[in-house]
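Reviewing the structure listed below.
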Amino acid sequence: MAGGEAGAVTVGRIPAPWSLFGFSRTEAIGFAVLLAAIIVAPGVIYPIFVMKVLCFALFACAFNLLVGYAGLLSFGHAAYFGIGSYVAAWLVRYAGFDSGVAILIGGLAGGLLGLAFGTISIRRSGLQFAMITLALGQLVYFFCVEAPFTHGENGIQQVPRGRLFGLVDLHTDMAMYWVTAGIFLIFFLVVHRAIHSPFGQVLKAIRESEPRATSLGYSTDRYKLLAFVLSCAISGIAGATMAIVFGIATLTDVHFSMSGEVVLMTLVGGMGTIFGPIIGALVIVGIETYLAQFGDWVMISQGIVFVICVLVFRRGIVGEIAGRLRLAL
Amino acid sequence: MIMIFGIPAPLLFGQFLLGLINGAFYALLSLGLAVIFGMLGIINFAHGALFMVGAFAAWFLLHYLGVGYWGALVLAPLIVGVFGLLLERTTIRRLYGTDPVYGLLLTFGLALIIVGAFTNTFGSSGMPYQGPELLSGGYNLGFMFLPTYRGWVVVLSLVLCTGTWFVIEKTPIGARLRAATENASLVQAFGVNVSRMVSLTYAGGAALAAVAGVLAAPIYSVDPNMGSNLIITVFAVVVIGGMGSILGSIVAGFGLGVVEGLTEVFYPQASTTVVFLVMVIVLLIRPSGLFGRAA
Numbered sequence: 001m002a003g004g005e006a007g008a009v010t011v012g013r014i015p016a017p018w019s020l021f022g023f024s025r026t027e028a029i030g031f032a033v034l035l036a037a038i039i040v041a042p043g044v045i046y047p048i049f050v051m052k053v054l055c056f057a058l059f060a061c062a063f064n065l066l067v068g069y070a071g072l073l074s075f076g077h078a079a080y081f082g083i084g085s086y087v088a089a090w091l092v093r094y095a096g097f098d099s100g101v102a103i104l105i106g107g108l109a110g111g112l113l114g115l116a117f118g119t120i121s122i123r124r125s126g127l128q129f130a131m132i133t134l135a136l137g138q139l140v141y142f143f144c145v146e147a148p149f150t151h152g153e154n155g156i157q158q159v160p161r162g163r164l165f166g167l168v169d170l171h172t173d174m175a176m177y178w179v180t181a182g183i184f185l186i187f188f189l190v191v192h193r194a195i196h197s198p199f200g201q202v203l204k205a206i207r208e209s210e211p212r213a214t215s216l217g218y219s220t221d222r223y224k225l226l227a228f229v230l231s232c233a234i235s236g237i238a239g240a241t242m243a244i245v246f247g248i249a250t251l252t253d254v255h256f257s258m259s260g261e262v263v264l265m266t267l268v269g270g271m272g273t274i275f276g277p278i279i280g281a282l283v284i285v286g287i288e289t290y291l292a293q294f295g296d297w298v299m300i301s302q303g304i305v306f307v308i309c310v311l312v313f314r315r316g317i318v319g320e321i322a323g324r325l326r327l328a329l
Numbered sequence: 001m002i003m004i005f006g007i008p009a010p011l012l013f014g015q016f017l018l019g020l021i022n023g024a025f026y027a028l029l030s031l032g033l034a035v036i037f038g039m040l041g042i043i044n045f046a047h048g049a050l051f052m053v054g055a056f057a058a059w060f061l062l063h064y065l066g067v068g069y070w071g072a073l074v075l076a077p078l079i080v081g082v083f084g085l086l087l088e089r090t091t092i093r094r095l096y097g098t099d100p101v102y103g104l105l106l107t108f109g110l111a112l113i114i115v116g117a118f119t120n121t122f123g124s125s126g127m128p129y130q131g132p133e134l135l136s137g138g139y140n141l142g143f144m145f146l147p148t149y150r151g152w153v154v155v156l157s158l159v160l161c162t163g164t165w166f167v168i169e170k171t172p173i174g175a176r177l178r179a180a181t182e183n184a185s186l187v188q189a190f191g192v193n194v195s196r197m198v199s200l201t202y203a204g205g206a207a208l209a210a211v212a213g214v215l216a217a218p219i220y221s222v223d224p225n226m227g228s229n230l231i232i233t234v235f236a237v238v239v240i241g242g243m244g245s246i247l248g249s250i251v252a253g254f255g256l257g258v259v260e261g262l263t264e265v266f267y268p269q270a271s272t273t274v275v276f277l278v279m280v281i282v283l284l285i286r287p288s289g290l291f292g293r294a295a
């Protein structure tokens, strides 16, 4: 189970600096490219758009941890994203919380909801898991429609960006951008670290054959639950960050079409790849932004991308490239 | 006025009836899902879209060809059945042998395309559809008023559910179907065209969704999103009844419709969530559903 990965620390050699996060050499190059892109992007592209991509990319990375590595397709991840978004927006708007603290509490809310729902849903797998998580997501959606604190159809609007831990003023787009980029990178590395830890190896073992993992003595339910909670907490962080960036939390964030979107992003980019969800988020947010002026074509285009991906392109963009070049990305 | 639990009896029975009607739709849709799941091993996310297409087919038939409700009740399921057959032959067929989750994703994509195309063409506002003259009006049963059409929906749904259950459990065709579910290659070896049976099963499930759509058209208005939210509730019904169980989907369908209707009387805020809460409770007690076989 332990230490089979390339780039692992070997006795008698100085470990490469990237091996701390379990990066192999190709992954380290990929990460360097990502870092460069994040630094250059706001100079080239509208920063608000890049922030949206980063929030969705983080959401997709969290989702990918579950579907790509534990083999559990959740169809209700909007619930955790949305609850993070609502909690953070409410805390900043009505309770005068610091934005940084609010984002962390948003993540905590996502994680706690994930703990409750995960306990119920991880007892089933495959299709049933997908249907149960979808139904639980709808439960949260209808709860948000009824609950007074979400302000129903209007949502929580005019959320001030405020300050990050009382230190950084977030009112300019560039300050907000660097903070968003920082949050994204921190939790991207958390996900990456989790995947490459012994915990991640056990998850992969469960994905490949749960009975075998059980027979090796792993209590698979606990591993799956931990992965679920971690994924939900980071989804909550992504939702909370998005609420602070755009100053709004609405029912769109908890609607099941949001759950569909994160599935699509991960599928397009490549399930079970490290950089796939980021590419997927970029592609899907790009298509949506471009097609927004044509009304319902967004929905049709999403459907077409879904169908094409499932029929001919199951490994996704990054999965295809990595497969062709025989690399792990 | 008679009061039950402090609620006027006509209101209680009225909500009970509304629940039964919703339950009729849950039962018809989850039955179609169960039949398709049994044969194809996939969960058909496009079921809500097919339901909507059924309602639209009835509307088209009336407005462009002058075919009324009774004609639509026969023709719309045929049209949607053929449409389903095409979907299965061109796309779903390619996924057999892969992880069934891909079937869910594919049909989700198909649903997005279908609903998106209809929204693009007709907008998202509802269009009224007049029910048949014969079923207008209603009966005063003394304790409540029963609109004829609503009674008809419940009766027809019950007839269709029992009919489908009978065909699958008690006829030679059903026996082959069940045999192919257990072991497709063995049944194929006995000279049964399993591939055709699979396509026809999907078409049959689609036709059931379309019947539900035609039944729904005079009650709810015809609009592209009429199936989208319904399908998720139906998924919860399927989980509660037990995946792939025909009887489970019928009982859970009607039962949850009634539970939902009565919740509307006692605690209206929870009426949209009660089905999902019931699902949570059922999962905690019986993870494989009320009528499901333990995995």
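Those sequence lines, one after another, are chains A and B. All residue numbers for the first sequence refer to our numbering, where the first residue is 1 and numbers rise by one. All residue numbers for the second sequence refer to our numbering, where the first residue is 1 and numbers rise by one. Cβ atoms here follow ideal geometry from the backbone N, Cα and C, with glycine treated the same way. This one's a predicted model, so the numbers in the text were calculated from it and none came from an experiment.
- Within 10 angstroms of the beta-carbon of PRO8 (chain B) lie fewer than 16 other beta-carbons, which makes it exposed.
- The alpha carbon of GLN302 (chain A) has as its nearest neighbour, out of A:VAL263, A:ALA205, A:PHE75 and A:GLU153, the alpha carbon of A:VAL263.
- At a cut-off of 8 Å between beta carbons, GLN188 (chain B) makes no contact with chain A.
- The segment 60-77 of chain B and the segment 271-290 of chain B do not touch, with fewer than 3 CB-CB distances between them shorter than 8 Å.
- Contact with chain A is absent for TYR267 (chain B), since none of that chain's Cβ atoms lies less than 8 Å from the residue's Cβ.
- When the Cα atoms are used, GLY166 (chain A) and ARG94 (chain B) turn out to be separated by approximately 56 Å.
- Using a CB distance cut-off of 8 Å, ALA281 (chain A) does not count as an interface residue toward chain B.
- Counting C-beta atoms within 10 angstroms of its own C-beta, MET174 (chain A) has fewer than 16 neighbours from the protein chains shown and is therefore classed as exposed.
- Three or more beta-carbon pairs separated by less than 8 Å are not found between the segment 244-255 of chain A and the segment 288-297 of chain A, which leaves the two stretches without contact.
- DSSP lists B:TYR139 as the bridge partner or partners of LEU146 (chain B).
- Assigned with DSSP and collapsed to three states, MET3 (chain B) falls in strand.
- In summary, TRP59 (chain B) is buried, with 16 or more beta-carbon neighbours lying within 10 Å of its beta-carbon over all protein chains present.
- Straight-line spacing of the CA atoms in GLY123 (chain B) and ILE308 (chain A) works out to 26 Å.
- Interface annotation, MET127 (chain B): not in contact with chain A, CB-CB separation never under 8 Å.
- Residue environment analysis places TYR149 (chain B) among the buried positions, since at least 16 neighbouring C-beta atoms fall within 10 angstroms of its C-beta.
- At a cut-off of 8 Å, the C-beta of ILE173 (chain B) has no neighbouring C-beta in chain A.
- Neighbourhood of ASN120 (chain B) in chain A, by CB distance below 8 Å: GLY295, ASP296, TRP297 and ILE300, in chain order.
- Only those residues of the segment 92-113 of chain B whose C-beta falls short of 9 Å from the nearest C-beta of chain A are listed: ARG94, LEU95, THR98, ASP99, PRO100, VAL101, TYR102, GLY103, LEU104, LEU105, LEU106, PHE108, GLY109, LEU110, ALA111, LEU112 and ILE113.
- Closer than 8 Å to the CB of THR273 (chain B) there is at least one CB belonging to chain A.
- With respect to chain A, the C-beta atom of LEU284 (chain B) has a partner C-beta closer than 8 Å.
- In terms of Cα proximity to ALA233 (chain A), the closest of A:ILE105, A:ALA37 and A:LEU72 is A:ILE105.
- For ALA135 (chain A), the nearest beta carbon of chain B is closer than 8 Å to its own beta carbon.
- Taking the C-beta atoms as reference points, VAL268 (chain A) is found nearer than 8 Å to GLY316 (chain A).
- Within the segment 139-161 of chain A, contact with chain B at the beta-carbon level (separation under 8 Å) is assigned to LEU139, PHE142, PHE143, VAL145 and GLU146.
- Pairing GLY82 (chain A) with CYS144 (chain A) gives a Cβ-Cβ distance under 8 Å.
- Apart from the 5 residues on each side of it in sequence, PRO100 (chain B) sits with its Cβ closer than 8 Å to the Cβ of GLY41, ILE42 and ILE43 in its chain, given in chain order.
- SER219 (chain A) counts as exposed, since fewer than 16 other beta carbons sit within 10 angstroms of its beta carbon.
- Taking C-beta atoms as the reference points, ALA216 (chain B) and GLY32 (chain B) fail to come closer than 8 Å.
- For GLN201 (chain A), the uninterrupted alpha helix (DSSP H) segment begins and ends at 198-208.
- The closest CA to that of GLU261 (chain A), considering only B:LEU105, B:GLY48, B:GLY23 and B:ILE21, is found on B:LEU105.
- Here the C-alpha atom of GLU146 (chain A) lies approximately 17 Å from the C-alpha atom of ALA78 (chain A).
- In this structure PHE142 (chain A) does not touch CYS61 (chain A) by the C-beta definition: roughly 28 Å separates them, more than the 8 Å allowed.
- With respect to the C-alpha of LEU12 (chain B), the residue from B:LEU262, B:LEU283 and B:CYS161 having the closest C-alpha is B:LEU262.
- Listed along chain A, no residue sits closer than 8 Å to ALA206 (chain B) by beta-carbon distance, the nearest being about 17 Å off.
- Around the CB of ALA292 (chain A), fewer than 16 other CB atoms lie within 10 Å, so the residue is classed as exposed.
- Using a Cβ-Cβ distance cut-off of 8 Å, the segment 227-244 of chain A and the segment 62-71 of chain A are in contact, since at least three pairs of beta carbons, one from each stretch, lie closer than that value.
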